[in-house]
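The structure appears below as structure tokens.
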Amino acid sequence: MEENIIPMPRIGDKAPAFKAVTTQGEIDFPKQYEGEWVILFSHPADFTPVCTSEFITFASMEEQFAEAGCKLVGLSIDGLYSHIAWLRTIKEKIEYKGMKDVEVNFPLIEDITMNVAKKYGMIQPNEDSTKAVRAVFFIDPKGVIRTILYYPLSLGRNFDELYRVLQALKTADAFDVATPADWRPGDDVIIGPAGSCGTAKDRMDGKEDMVCQDWFFCQKKMDKDAVLKAIAKK
């Protein structure tokens, strides 16, 4: 009997839809998040140290993500009561990098059937057939997947980078630009390559509001306050 293969979602795809029970009640994903950015992320298991450090960090940054117009949704293949007990333990007993008494208020999905994890390619058998890897999906207000990150079980995520990705995606949408390596708000942005010889010449002659080192590599200054205002929650 052939195994039912579910193709992994890709950047630009609509986020696979599902309904699920969570620590914050039932959700209809991504329908109920229409009009908002959302980060859907998975972790291997409750009551594990790396995952605990990640949840403390995410929960401590939840307000920061909210101010940037982004909701958080977590997932593991553990059951609801395990989730509740683990999150209570985090609040009552665990301190990490000075963060303590941390309450996780965003939804944590129960996925004991692995239905959601399989839809999103979170189960990768060569890593582990019974635990979800550390997957991260950035989903835009139209329900489209914009960025996908996968980490192995042993590697905790960099949450400054996750926040930077959100800022960069929203900046690209707001100003129709691209962001270079290590970009942060206030840094120069990248203007797309010229579409014609005339445009390329104008750029090199300094007739456009940008600095070009060659016809294909042009940057433009972007005021930090303007960027932060544009990407803040509307």
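To convert, note that position 50 of the sequence shown is 50 in the working numbering; the numbers rise steadily by one, no gaps. Using N, Cα and C, we set each Cβ at its ideal position, and we do this for glycine too. These numbers were taken from a predicted model, which means no experiment stands behind them.
Best match in 71, 188, 146, 53 for proximity to residue 98 [C-alpha to C-alpha]: Among 71, 188, 146, 53, the Cα nearest to that of residue 98 belongs to 53.
From 144, 179, 85, residue whose alpha carbon lies closest to that of residue 164: Looking at 144, 179, 85, the one whose alpha-carbon comes closest to that of residue 164 is 179.
Which of helix, strand or coil DSSP assigns to residue 120: Reduced to three states, the DSSP call for residue 120 is coil.
Neighbour-count burial assignment, residue 299, 16 or more Cβ in a 10 Å radius: This structure cannot speak to residue 299, because the chain is shown only from 1 to 234.
Beta-carbon contacts of residue 69 that lie in its chain and below 8 Å, excluding the five residues immediately before and after: Only residues of its own chain outside the window of five on either side were considered, and among them 36, 37, 170, 231, 232, 233, 234 have a CB closer than 8 Å to the CB of residue 69, listed in chain order.
Beta-carbon proximity of residue 156 to residue 73, cut-off 8 Å: Result no, Cβ atoms of residue 156 and residue 73 do not sit closer than 8 Å.
Sequence-distant residues of the same chain with beta carbon closer than 6 Å to residue 218, five excluded per side: Counting only Cβ-Cβ distances below 6 Å, and skipping sequence neighbours, we find 191, 203, 210, 212.
Integer Cβ distance of residue 185 from residue 167, believed to fall under 8 Å: Between residue 185 and residue 167 a beta carbon distance of about 6 Å is seen, short of the 8 Å cut, so the two are scored as contacting.
Residue 26 - partner residues in DSSP beta bridges: Paired residues: 21.
Other residues of its chain near residue 225: CB distance less than 8 Å, five sequence neighbours each side excluded: So no residue of the chain qualifies.
Inside the segment 51–136 only - alpha helix (DSSP H) runs reaching at least 4 residues: Listed in chain order, they are 80–93, 115–119.
Where residue 172 falls: helix, strand or coil (DSSP): Residue state, collapsed to three classes: helix.
Contact belief for residue 133 with residue 127 at Cβ below 8 Å, rounded distance in angstroms: Rounded, the Cβ-Cβ distance is 5 Å, consistent with contact.
Opposing strand residues paired with residue 219 [DSSP bridges]: Looking at the DSSP output, residue 219 bridges to 190, 211.
With 16 other Cβ atoms within 10 Å as the buried cut-off, status of residue 44: If you draw a 10 Å sphere on the C-beta of residue 44, you find 16 or more other C-beta atoms in it, and that means buried.
Local Cβ density within 10 Å of residue 47, reported as buried at 16 or more and exposed below that: Residue 47 comes out exposed.
Distance between residue 112 and residue 66 (C-alpha atoms, nearest Å): Rounded to the nearest angstrom, the two C-alpha atoms are 28 Å apart.
Same chain, Cβ closer than 8 Å to residue 15, neighbours up to 5 away in sequence not counted: Excluding residues within five positions, the ones whose Cβ falls inside 8 Å are 9, 29, 30, 40, 137, 139, 143, 144, 145.
Nearest-angstrom beta carbon gap, residue 20 and residue 116 [assumed within contact, 8 Å]: So it is a contact: roughly 6 Å between Cβ atoms.
Which listed residue (214, 104, 122) has its alpha carbon closest to that of residue 61: Cα-wise, what sits closest to residue 61 is 104.
Contacting residues, own chain, Cβ-Cβ under 8 Å from residue 84 (five flanking each side not counted): Cβ neighbours of residue 84 beyond the five flanking positions: 23.
Cα-Cα separation between residue 216 and residue 148, rounded to whole angstroms: Distance between the alpha carbons of residue 216 and residue 148: 27 Å.
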